[in-house]
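> Just so you know, we're using the working numbering here: the sequence shown kicks off at 73 and counts up by one.
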Amino acid sequence: MEGVADMTLEEKLSLLAETIETDLKNLTLSCSLDSLDEWDSLALISLIGMFSKSFGRNIPVETLKEFKTIQDIVDEMHE
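1. In its own chain, which residues sit with a C-beta less than 6 Å from the C-beta of Trp111, not counting the 5 before and 5 after it?
2. Check the DSSP bridge columns for Ser104 and list the partner residues they point to.
3. To the nearest angstrom, how far is it from the Cα of Asn98 to the Cα of Ser126?
4. Give the secondary structure of Met122 by DSSP, where H, G and I count as helix, E and B as strand, and everything else as coil.
5. Secondary structure at Asp147, three-state DSSP: helix, strand or coil?
Structure (structure tokens):
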């Protein structure tokens, strides 16, 4: 996969939609994670796997639990 710096916002949102098994049209940067039916403990585990596989980073569950919006996740993709 491309490096993080090379990914467009659309590519990041697409990867996120695939990871949490939701339709891309459900995701906007201001979207509250709690408003997504798919946002549950399985989504958290899936995000951990995505960050590890796609970005080579280990993100603790505690960090992910602090996220409130899609923007929070996208920001973490830039770290």
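In this text, a Cβ means the ideal position worked out from N, Cα and C, and glycines have one as well.
In this structure, then:
1. Leu105
2. Thr141
3. 22 Å
4. helix
5. helix
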